[in-house]
Amino acid sequence: MKPSIAFVAGARPNFMKIAPVLRAADETKAPFTPVIVHTGQHYSREMSDVMFEQLEIRPPDVHLEAGSGTHGQQTAKILAAFEEFLMEISPRLAAVMVVGDVNSTIAAALAASKLHIPVVHLEAGLRSFDRGMPEEINRIATDAISDLLLVSEPAGEKNLRKEGVPDQRIRYVGNVMIDTLVRHLTDGRAANPMVDGQPFALLTLHRPSNVDCPETLTRIVEFLLEVADQIRLIFPAHPRTQLRLQETGLLERLSSHPAIQVLQPLGYVDNLELMRAAAFVITDSGGIQEETSYMSVPCLTLRENTERPVTLTHGTNTLVGLDFQKARTAICEIRSGNYKRSLPIPGWDGRAAYRVVEALSDLVKSAHAV
Ligand code: UD1
Numbered sequence: 028m029k030p031s032i033a034f035v036a037g038a039r040p041n042f043m044k045i046a047p048v049l050r051a052a053d054e055t056k057a058p059f060t061p062v063i064v065h066t067g068q069h070y071s072r073e074m075s076d077v078m079f080e081q082l083e084i085r086p087p088d089v090h091l092e093a094g095s096g097t098h099g100q101q102t103a104k105i106l107a108a109f110e111e112f113l114m115e116i117s118p119r120l121a122a123v124m125v126v127g128d129v130n131s132t133i134a135a136a137l138a139a140s141k142l143h144i145p146v147v148h149l150e151a152g153l154r155s156f157d158r159g160m161p162e163e164i165n166r167i168a169t170d171a172i173s174d175l176l177l178v179s180e181p182a183g184e185k186n187l188r189k190e191g192v193p194d195q196r197i198r199y200v201g202n203v204m205i206d207t208l209v210r211h212l213t214d215g216r217a218a219n220p221m222v223d224g225q226p227f228a229l230l231t232l233h234r235p236s237n238v239d240c241p242e243t244l245t246r247i248v249e250f251l252l253e254v255a256d257q258i259r260l261i262f263p264a265h266p267r268t269q270l271r272l273q274e275t276g277l278l279e280r281l282s283s284h285p286a287i288q289v290l291q292p293l294g295y296v297d298n299l300e301l302m303r304a305a306a307f308v309i310t311d312s313g314g315i316q317e318e319t320s321y322m323s324v325p326c327l328t329l330r331e332n333t334e335r336p337v338t339l340t341h342g343t344n345t346l347v348g349l350d351f352q353k354a355r356t357a358i359c360e361i362r363s364g365n366y367k368r369s370l371p372i373p374g375w376d377g378r379a380a381y382r383v384v385e386a387l388s389d390l391v392k393s394a395h396a397v
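When we follow this note's numbering, the leftmost residue of the sequence shown carries the number 28, and every step to the right adds one.
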């Protein structure tokens, strides 16, 4: 019997990262069996089920049903439930693969490492150097206890080396999210009626630092109303953001602007089609900085820093933070055709998942050889 590796995913940005690896493992008849563990961090249909359907991921083998809560509560629920699962299964897993930087990532890594099960971190080494971001704590802590660090962009390798991680634990595999993007760009399924040839900008917003403070959210909304005076704005709103906009009465202001369409969160394919067709994207997401860079769609990021600096040097990303003058200048450049275009990035080639499977296969083989 082949050894098993748990693929842990829990929140929306995790699903597009495990999908291509599952497919590559299947296609190449990898020497391990993936076990899909859904932590339940995201549970709404739009945030989870739709992603599984559109990304063609088979249903999870295990569902931990952790749900929402404070950081401590959510992390603790996943940690306890995943530990119980790990202790129950026999024979034990050959490894646990965690992805990205969400609470599910650190919780699962911690449970596995305490049970001496090798931990693989996919998308390791990214650093925003801003410990005010919960994801930065998750990244640092996960990398510190992972046995194999799979890196998606050049800065990741540099950061890990600086932190003293030995070379043999680091492997540059490239970006699996781009594998998913490439697959769906070419599968011909994307056809969104909102893409009608009229120019529009796409907006996503969900970082606690942008949406949880009413003053900050008000400033952002005022800027967005100004943008919508120039160009149609399509805004699929994350559940956290919808809640904050309702609490502050700002949802009413946004939705009453004739050029703003506030929508429920979109599935992967619809969102991709909007991103591809947008004149530009305004976002605070990590993944969208990468996806727009790959497609050479201008991206204005409402953050002061990024853990994905290659999107600034080789991509179409500009960090505008809350400096709306900077954003206005960038929008002028975009609309006059003078905005930067992207350059190729190593390992963002649609084949990263095969390199991940190779790394996981080597890990399994080396464990057998001991
Ligand atoms: C989480 C990740 C963030 C990632 C984002 C993508 C952490 C620390 N943060 O943030 O890195 O960019 O996911 O979405 O892990 N809710 C629903 N339905 C759901 C899930 C959540 O309505 O399926 C609501 C709940 O009110 C919940 C809130 O959204 O309290 C926030 O969800 P949570 O998982 O805590 O964090 P995100 O903001 O989604």
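Quick reminder that beta carbons are idealized off the backbone N, C-alpha and C, glycines included.
Other residues of its chain near residue i: CB distance less than 8 Å, five sequence neighbours each side excluded
{"i": "R378", "result": "G201, D206"}
{"i": "C240", "result": "none"}
Heavy atom of the ligand UD1 within 7 Å of residue i beta-carbon
{"i": "L91", "result": "no"}
{"i": "H148", "result": "no"}
{"i": "Y381", "result": "no"}
{"i": "K35", "result": "In the sequence under discussion, the amino acid at residue 35 is Val, which differs from the Lys named in the question. V35 Cβ: outside cutoff for every heavy atom of the ligand UD1."}
{"i": "Q316", "result": "no"}
{"i": "E54", "result": "no"}
{"i": "E162", "result": "yes"}
{"i": "V129", "result": "yes"}
{"i": "L270", "result": "yes"}
{"i": "H65", "result": "no"}
{"i": "R39", "result": "yes"}
{"i": "H284", "result": "no"}
Per-residue burial, residue i [other beta carbons within 10 Å of its own, 16 or more giving buried]
{"i": "S283", "result": "exposed"}
{"i": "S117", "result": "exposed"}
{"i": "E54", "result": "exposed"}
{"i": "S312", "result": "buried"}
{"i": "G183", "result": "buried"}
{"i": "P285", "result": "exposed"}
{"i": "R85", "result": "exposed"}
{"i": "T310", "result": "buried"}
{"i": "M28", "result": "exposed"}
{"i": "F156", "result": "exposed"}
{"i": "G342", "result": "buried"}
Alpha-carbon spacing of residue i relative to residue j, whole angstroms
{"i": "T66", "j": "P292", "result": "20 Å"}
{"i": "G374", "j": "T340", "result": "15 Å"}
{"i": "I261", "j": "G152", "result": "33 Å"}
{"i": "E318", "j": "P58", "result": "31 Å"}
{"i": "Q225", "j": "E279", "result": "25 Å"}
{"i": "V126", "j": "F79", "result": "16 Å"}
{"i": "R303", "j": "S323", "result": "9 Å"}
{"i": "A134", "j": "A103", "result": "7 Å"}
{"i": "L370", "j": "R72", "result": "36 Å"}
{"i": "I358", "j": "V48", "result": "37 Å"}
{"i": "F109", "j": "I164", "result": "20 Å"}
{"i": "D88", "j": "V62", "result": "6 Å"}
{"i": "R297", "j": "N219", "result": "According to the sequence shown, residue 297 is Asp rather than Arg. One C-alpha to the other measures close to 6 Å."}
{"i": "L346", "j": "R355", "result": "12 Å"}
{"i": "Y366", "j": "V248", "result": "24 Å"}
{"i": "A51", "j": "H90", "result": "23 Å"}
Neighbourhood of residue i by C-beta, 7 Å cutoff - its chain only, sequence neighbours within 5 removed
{"i": "A394", "result": "A121"}
{"i": "F42", "result": "A36, M78, F79, L82, I84"}
{"i": "R335", "result": "L153, E180, G313, Q316, E317"}
Residue i beta carbon near the ligand NAD (any heavy atom closer than 7 Å)
{"i": "V308", "result": "What this structure holds is the ligand UD1, not the ligand NAD."}
Any chain B beta carbon closer than 8 Å to residue i
{"i": "L177", "result": "Note that chain B does not occur in the displayed structure, where there is just one protein chain."}
Complete runs of the alpha helix (DSSP H) confined to the segment 298 to 326 [at least 4 residues]: 314 to 322
Taking only runs that begin and end inside the segment 348 to 381, name each unbroken beta strand (DSSP E) of 3 or more residues, in chain order. none
Quick check for students: name the residue ranges of the alpha helix (DSSP H) that lie wholly in the segment 141 to 188, counting only runs of 4 or more. List check, alpha helix (DSSP H) in window: 161 to 172.
Continuous alpha helix (DSSP H) assignments of at least 4 residues falling wholly in the segment 188 to 216: 203 to 212
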